[in-house]
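A.B. asks: In my numbering, the protein residues as written are -14 to 125.
A virtual CB, placed ideally from N, CA and C, is assigned to each residue, including glycine.
Since this is a predicted model, take the numbers as computed values, not measurements.
#1: Could you have a look at residue 19 and say whether DSSP puts it in helix, strand or coil?
#2: Could you give the distance in angstroms between the alpha-carbon of residue 83 and the alpha-carbon of residue 97?
#3: Only counting the same chain, and skipping five residues up and downstream in sequence, which positions put a Cβ closer than 6 Å to that of residue 40?
#4: Please classify residue 95: does DSSP put it in a helix, a strand, or coil?
#5: Report all residues from its chain with a CB closer than 7 Å to the CB of residue 100; omit the five preceding and five following residues, and keep chain order.
#6: With DSSP collapsed to three states, give me the class of residue 49.
#7: Which value, in whole angstroms, describes the spacing of the CA atoms of residue 112 and residue 80?
#8: Starting from the Cα of residue 124, find the closest Cα among 35, 108, 28 and 46 and give me that residue.
#9: Keeping to the same chain, check which residues put their C-beta closer than 7 Å to that of residue 34; ignore five residues upstream and five downstream.
#10: I'd like the list of long-range same chain contacts for residue 7, defined as Cβ closer than 6 Å, with 5 residues on each side in sequence excluded.
#11: Compute the Euclidean distance between the alpha carbons of residue 25 and residue 73, then round it to the nearest angstrom.
#12: Helix, strand or coil for residue 100? Go by DSSP, reduced to three states.
#13: Using three-state DSSP, classify residue 64 as helix, strand or coil.
Below is the structure:
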């Protein structure tokens, strides 16, 4: 009975491993979207030196195994946005899509292992515009 306070001490002081897990498995971010002359552009807040290392794009409700994806795509984040030109992925004039992508910071990799950010975004293209739409998380 006299050891009970010592057993409760980790609960009161916090767990450094829990903090680590929170950073490593933080939830995906969402982003703004814009259609610019046949390119879909994703807005990236606090872009710093982050660059894409993975991207997946598909019409909504496409099974995961059938989705288009690229590791280390020929894309870059410039001036706070990442644009997908038609040569990388050709979007139709209308439809609903889901996209997941991961950005990596080489600068942050020098000081921490938490140097990636993941984004999940669903959007609709119609009448020459792209807008973010709400979907269930299981669609990503």
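C.D. replies: Result, derived from the coordinates:
#1: Locating residue 19 in the chain shown gives position 34, counting from the first residue. In the structure shown, residue 19 sits in a strand (DSSP, three-state: E or B).
#2: The residue labelled residue 83 in the question sits at position 98 within the chain shown. The residue labelled residue 97 in the question sits at position 112 within the chain shown. Cα to Cα, residue 83 sits roughly 30 Å from residue 97.
#3: Stepping through the chain shown from its first residue, residue 40 is reached at position 55. If we look at residue 40 and ignore the five residues flanking it on each side, its Cβ neighbours are 55, 58 and 86.
#4: Position 110 of the chain shown, counted from the first residue, corresponds to residue 95. Reduced to three states, the DSSP call for residue 95 is coil.
#5: Walking along the chain shown from the start, residue 100 turns up at place 115. Same-chain partners within the cutoff: 89, 90, 93 and 94.
#6: The residue labelled residue 49 in the question sits at position 64 within the chain shown. Helix, per DSSP.
#7: Translated into the one-based positions of the chain shown, residue 112 becomes position 127. Translated into the one-based positions of the chain shown, residue 80 becomes position 95. Taking the Cα positions, residue 112 is about 10 Å away from residue 80.
#8: Stepping through the chain shown from its first residue, residue 124 is reached at position 139. The shortest Cα separation from residue 124 among 35, 108, 28 and 46 belongs to 46.
#9: By one-based count along the chain shown, residue 34 stands at place 49. The answer, listed in chain order, is 90, 91 and 92.
#10: Within the chain shown, numbered from 1, the residue matching residue 7 stands at position 22. Note that residue 7 has pLDDT 49, beneath the 50 cutoff, so the model's placement of it is unreliable and the number below is only indicative. For residue 7, where only same-chain residues beyond five positions count, there are no Cβ hits under 6 Å.
#11: Stepping through the chain shown from its first residue, residue 25 is reached at position 40. Stepping through the chain shown from its first residue, residue 73 is reached at position 88. Cα to Cα, the separation comes out at about 11 Å.
#12: Taking the first residue of the chain shown as 1, we reach residue 100 at position 115. Coil at residue 100, not helix or strand.
#13: Along the chain shown, read from residue 1 onward, the residue named residue 64 stands at position 79. Secondary structure of residue 64 (DSSP, three-state): coil.
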